[in-house]
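Accompanying notes for the structure given below.
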Amino acid sequence: MGCHRRIRTTLYKGIKKTLFLLEIHEDGVSKLLSSKESLARCDIAVFVYDSSDESSWKRATELLMDVAGDGEDTSYEVPCLIVAAKDDLDSFPMAIQNSTRVSQDMGIEAPIPISSKLSDFNNIFRRIVNAAEHPHLSIPETEAGRSRKQYHRLINRSLMVVSGMLIVWHLTTVLFLMHLKLGVVENVGDHGWIF
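Quick note: the sequence shown uses our numbering, first residue 4, plus one each step.
This is how it looks when you write it as structure tokens:
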């Protein structure tokens, strides 16, 4: 699996933070995801694409969907960030619309623009630390995952309603039997019961 290990430090809220980064080339992602627990060791996944290349964007979103789906299937959901590299170059024509749509659909923040010419890498490292410290804000959701959660919510609500109805039925039965024992209830033939 083509990967590189890197260590970076950055100041985050006045505290020096050390990041241990494992850079995995796109062809190594499928090998990484072949193990069910591979995402358990991952604090955050960052997808970097060339903002001037539409095919790079498409591949990054495919990998994001793979990681998000795998996380939903294994319960090892991982916060994710998207980084738009080469921000100093012209973006492909539908770049902003596509990235906004994907980000909104998956419930994560829009791609973070960076440029090696501008050399502001501390910003990206601070964003990584922030996402790792607040993971619930950056966990992507696929359409299937959203549907599954809605289904589980519906089942839970249905079970709550049925439980409530059973409690009411049980209390009514207990009260009825108590009244029978006390002789308060009489059968008046065709007219039903009188309490």
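Using N, Cα and C, we set each Cβ at its ideal position, and we do this for glycine too.
Everything numeric in this text was worked out from a predicted model, so none of it was measured.
In terms of Cα proximity to E112, the closest of K120, S118, S119 and T103 is T103.
By DSSP's assignment, P116 forms a beta bridge with A87. For L92, the three-state secondary structure derived from DSSP is coil.
Separation of L162 and V171 (C-alpha to C-alpha, rounded to the nearest whole angstrom) is 14 angstroms. Between S141 and P82, the CB-CB gap stays under 8 angstroms. Residue pairing of Y15 in beta bridges, as defined by DSSP: I18. Of the candidates N101, K184, V51 and L67, the residue whose Cα lies closest to the Cα of K89 is V51.
Here the alpha carbon of H182 sits roughly 12 angstroms from the alpha carbon of L174. Under the DSSP definition of a beta bridge, D53 partners with A88. Burial state of G17 is exposed, judged by a 10 Å Cβ sphere holding fewer than 16 other Cβ atoms. Per DSSP, reduced to three states, the secondary structure at I27 is strand. When Cβ pairs closer than 8 angstroms are counted between the two stretches, the stretch 60-75 is seen not to touch the stretch 126-141, the count staying below three. The residue among K19, D46 and F23 with its C-alpha nearest the C-alpha of H139 is D46. In terms of Cα proximity to D76, the closest of R151, V165, F179 and K61 is R151. By the 16-neighbour rule on beta-carbons within 10 angstroms, G74 is buried.
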